[in-house]
Structure formats: structure tokens, C-alpha cells
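**Student:**
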Amino acid sequence: MKKYLSLVKVQLKDYVYKSISSLGLSRRANLGILLVPFLFLAFSSFSFMVSHQFYTVYSMIGLPELTIAIMYTGTSLVLFLVSFTSIMGTFFYSNDTAFYTTLPVKDNLVVFSKITIQYIIGLAVGLVLLGPAAIIYWSTSQAPVLSYVYGIIVLLLTPIIPILAGTIMVMAGMRVISRYVSRNTLSIVMGMIFVIALLGMQVLVSRQAANIEVMQRYILEEDGILNIASRGYPPSLWVAKMFMGSGYRHAVYFVLLNAAMTGILWILSVPLFRKAVAAFAEGSGKIPAKGKILYKSDTQIMSLVKRQLLIILKTPTFLLNIILLLFLPLILILLWRASGVMDLKNMLQGPLKDYKVFFLVFMMASPSIMGAFSATSITREGKTLWQVRTMPVKEMTDLHSRILTSIILAFAGAIPMFVASLFIIEMDAITIILGVMSSLSIILAFSVSDLIIDIYRPILSWTNPTYAIKNNMNIMTALLIRLVIGVIIYLARDLWLPLNHNWRVIMLSLFMAAIAAIAYVYIKKVGVKIYRALEL
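Counting with the working numbering, you get residues 12 to 547 for the letters of the sequence shown.
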């Protein structure tokens, strides 16, 4: 137990230090620590509003416990998403994994010490997301004493199932798939398998909920609606019953499931951990095929663009992150259509037909809006930035290549969105031309303006690519810029509301083009000097 606690203590300190460093606050650690309660209150407030909205709606139909079931399911999903990616980084990308395997401690303790860190993080997330729902339920309903006892048990055990499930899936997947897939593509395969499975489950559940006969059968049954809400994740039914204070049997099920998951991981941890880590570390690519050597000549800017694209392609963490950002909007649209929840074609008819062009603009620009690719353009280079500095390349040429790379990435997501839009809704030539023009101006504006952020705040000393893409302050600043632009457009509504929809789109295009021009001039006059003086 002493060795286990020592491992947890060391890794917890390491995690806190790396988290503060990823925010760019390593020299101001106290400020980073002060941000924790602020973020806790901010996310708790948002969760409280969502929970209150659910409770108000479900109380009207006499089922306030549905609030607990829905929020518990959502919390578990968030924890599973976080743990799935975090476990991959903790075990397979962490520099300390090989070191811990050499210590005179059992492999079980190494595995569970790492999982304990994930549990502590998950407990905080669970309290933020599920805690407000529990408080609302207890304060507005006459809950028995057992409800409070069971509720505390639920809050403490909530992170265990998703974290242990994610750990088992990751380590088992790494063990099996790594035999046939190279290291550089393994993380991509695992991530995409997870996303496809998750979306497939959601489509099946949504289609079943839309089946009238199934719905009628469930409504006639006792707790039928609660069964529907928890069909995709049965423990949510047990949790809802526990909060009602009438679920002794369900409390036993819930505790036994958590104990069983822990026991399974304890048994499998040694063989899975040793073999998965060894298999993952064996190789990282294929043997190049023999053939003729071709010499090609490119311009400086295109060579730099290829270099930056190769950095993304050869780093699985970067590639998976880019793929998700590029295609997440498209996946969500296809998911809604497959589940039958939303029919955009009928929605954008009649009074809303003038908004087709704005739908096209949103679809094409959404990867750039969500991605903020330029905000980590320099950060992705890391310690290899010195290689560019030694090349006979002007700083402005290098910055041009980063802007062009971000535009290429944005186009990689915009083109499939454009094709999907043509199939989803009917548009005339004018709508298509205006929509494409406006989305191009948005892509250009954000590709240029986001680069200014990374010029001022690059993180080059990272040792794990996860910390490079989680340069949180850069991403948050980029998203804040988008929010400010949206507020400005809203405040200026008196100027564009009297115009017809075509002129509104033209004004939006001119506004975003002006932002791009101002940002480019700033980079050329000021940003390039800051970039030139950047310490490596």
C-alpha cells in the first residue's frame, strides 16, 4: 500500500505540473492553481442550468428521476471519452511508463496508480456534471434518507465504470491490433473504431425511440419511459432508482458491477499491460519499398507546407485530432439524418428558405470555426522549430506557409461539407456562389488571425504531443475571438437586417475579408518581428 500511495503521489504531482505547463503558466503556478476553483464554478453553473432545465421538463410529467438518469448517462459518456484518449496517452505516449516497469513494484500497482489519477480527475468531472442534478433533486423532492446515502455512493463510484471500461478496451485493442497495424496508425484506428461504435449505438437507440409501437409498449409498462431513457446504458436505471430511495436491489447491482470491473482489470492488468506496451513500442512504420529515387523541386513555401502536413500525418495524436475536428460537423449532420431526428430539407422550406445560404456557410466554415488550426501551428513544431530557423527561408515565408497549411486543412473539411450540403438541401446557383464566397472569407480570416495567437504564445518544450494540441489558452483565445466577432455581428444587426439575404451574406464576406486583411497587415508589420525574436 505504501508503494502504491507513493506512485499515486508522484504521478499526481507530475500531472498537475504538466497541466499548468500546457496552459503556459509554468512560471506562474499559483495563477494556474487559482484557475481550478474558477473553472469548477463556471462548469458547475452551466451544469446546474442544464440540470434545472431537465428537472423542470420531467417534473411536469411526474418523472423527475429522469433528470438523474440523463445526467448520469451524459457524465459517464464524457468520462469515457476523456478516459479513452487519456489512457492512451498515459500508458503508450508517456515517457515514464518504461521507467515504472523497471521499479521493484508489481505491474498491478503501476496500472492502478495511473488509473487512480484518472479516477481523481473523473471524480471532479462527475461532481461538476452530476452533482448539480443531485442537489436539485434532493432540494425539490421529498427524498428519503436512503436517497442521500445511495446518492453519495453513486457520486463516488460514477468514474469507475467508464474509466475501467476505457482502460480495458485500450489495452486489449493495443495488444491485438498492434500486431497488424503500425504504431503511427494504431491510435487513429482505435479512435475511429470508438467514434463509429458510439455513433452507431446512438443511431440504433434513436431509431428505436422513433418506433411508435415500441414507444406505446414502453409507456404502458411500469417505469417504461425510464427504461427507454436508460436503454443505451442500463446502470442509469439503477442510479435513478437509487436516488428515489427504493432501489436496494439496484444498489447491489451497481456496486457489484463496479467491483466486477475492478476485479477484471486487476486480473488482466499484468498480461495486458506488459504485452500491450511491448507490442506498441516494437515498431513505428513499414519498410520502404525499393525503387527509383525521384528528385523533385518545389518552391520554398510549398516545401514548408509539405513539412507541416507531414508533422501532422506522422504524429497520430495530431492526425486523430485534426480528423475529428474536420469531420465532426459532418458526422453530426449525418447522425441526425440517420436517426430521423431532423429533416433539414423540409425545415429550410417556406419562411426559412432564405436561410439556405447561411446553412451552406455554416457547413463549409464549421471545420475552420471549430478547428482553430493556426492557433497551434507553431506549437506543433515543438523543439524541431530550430530546423526551420537554420533553413535559408525568410520568416514571413514561413508564416505564409503556416497560413496556407491551415487553409488546406480547412478546405479538407469544407469540401465534404459542401458535397453533403448539395445532397441535404436544394440550392440555386446564386446561393451556392454566395455561400462559397462567404465561407472562404471566414476560413481566410480565422487562418490568419489565429496565427497571431500562436506567434505570441507558442509552447515548444512539450515532450508529449497531447500537450501540444491541448495548448488550451491558445484554443480558448481563438474561440473567444469567434465569440467577439459573433457579438459584433449581432450588435450591428440594425445595419444588415433591413437587407435581403444575399446582401447580408455579401456584407458578412466583406467583414470577414476586412478582418483577414487587418490581421495579415499586423503579422507583416509586428508579428514577424516577434516570431523572429522567438527563443527556441
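Virtual Cβ for every residue (Gly too), placed ideally from N, Cα, C.
Check whether the segment 384-400 touches the segment 461-471, taking contact to mean three or more Cβ pairs, one atom from each stretch, closer than 8 Å.
**Tutor:** Taking 8 Å as the limit for Cβ pairs, the verdict is that the segment 461-471 does touch the segment 384-400.
**Student:** When you compare each of His-411, Gln-22 and Ile-333 to Met-381 by their alpha carbons, which one comes out closest?
**Tutor:** The shortest C-alpha separation from Met-381 is found at Ile-333.
**Student:** Below 8 Å between beta carbons: does that hold for Tyr-83 and Leu-157?
**Tutor:** No.
**Student:** Is the beta carbon of Leu-276 closer than 8 Å to that of Pro-246?
**Tutor:** Against a cut-off of 8 Å, the Cβ pair of Leu-276 and Pro-246 comes out as no contact.
**Student:** So, using beta-carbon positions, are Val-377 and Pro-340 closer together than 8 Å?
**Tutor:** Before going on, a small fix: residue 377 reads as Ser here, not Val. Against a cut-off of 8 Å, the Cβ pair of Pro-340 and Ser-377 comes out as a contact.
**Student:** What separation, rounded to the nearest whole angstrom, lies between the Cα atoms of Gly-162 and Ile-128?
**Tutor:** Each residue's Cα considered, the two are about 23 Å apart.
**Student:** Check whether the segment 410-423 and the segment 489-504 touch, using three or more Cβ-Cβ pairs below 8 Å as the test.
**Tutor:** Touching, no.
**Student:** Let me make sure I understand the geometry here. Which of Val-181, Ser-62 and Ile-174 has the alpha-carbon closest to that of Trp-149?
**Tutor:** Comparing Cα positions, the closest option is Ser-62.
**Student:** Straight-line CA distance for Ile-453 to Phe-373?
**Tutor:** Rounded to the nearest angstrom, the two C-alpha atoms are 10 Å apart.
**Student:** What does the alpha-carbon distance come out to for the pair Ser-314 and Thr-408?
**Tutor:** In a straight line, the C-alpha of Ser-314 is about 11 Å away from that of Thr-408.
**Student:** For Glu-76, count neighbouring Cβ atoms within 10 angstroms of its own Cβ and tell me buried if that reaches 16, exposed if not.
**Tutor:** Buried: at least 16 other Cβ atoms inside 10 Å.
**Student:** Would you kindly check if the distance between the Cβ of Tyr-264 and the Cβ of Trp-249 is under 8 Å?
**Tutor:** The answer is yes: Cβ separation under 8 Å.
**Student:** In this structure, how does DSSP classify Val-61 when only helix, strand and coil are distinguished?
**Tutor:** In this structure, Val-61 counts as helix in the three-state DSSP scheme.
**Student:** Give the C-beta separation of Pro-143 and Phe-59 to the nearest angstrom, bearing in mind that I take them to be a contact with Cβ-Cβ under 8 Å.
**Tutor:** With a Cβ gap of about 4 Å, Pro-143 and Phe-59 count as contacting.
**Student:** Using 8 Å as the Cβ pair cut-off and three pairs as the minimum, do the segment 426-443 and the segment 497-509 touch?
**Tutor:** No: fewer than three Cβ pairs fall under 8 Å.
**Student:** Within 10 Å of its beta-carbon, does Ile-529 have 16 or more other beta-carbons around it, so buried, or fewer, so exposed?
**Tutor:** Exposed, because fewer than 16 other Cβ atoms sit within 10 Å of the Cβ of Ile-529.
**Student:** Counting C-beta neighbours from all protein chains within 10 Å, is the total for Gln-398 16 or more, i.e. buried, or is it exposed?
**Tutor:** Under this definition Gln-398 is an exposed residue.
**Student:** Using three-state DSSP, classify Ser-388 as helix, strand or coil.
**Tutor:** Correct three-state label for Ser-388: coil.
**Student:** Counting C-beta neighbours from all protein chains within 10 Å, is the total for Ala-440 16 or more, i.e. buried, or is it exposed?
**Tutor:** Looking at its Cβ environment, which holds fewer than 16 other Cβ atoms inside 10 Å, Ala-440 is exposed.
**Student:** Write down every uninterrupted run of the alpha helix (DSSP H) in the segment 133-172 whose length is 4 residues or greater and which is fully enclosed by it, in chain order.
**Tutor:** 142-151 and 156-168, all fully within the segment 133-172.
**Student:** What is the rounded straight-line gap between the Cα of Gly-137 and the Cα of Phe-54?
**Tutor:** So the two alpha carbons sit approximately 11 Å from each other.
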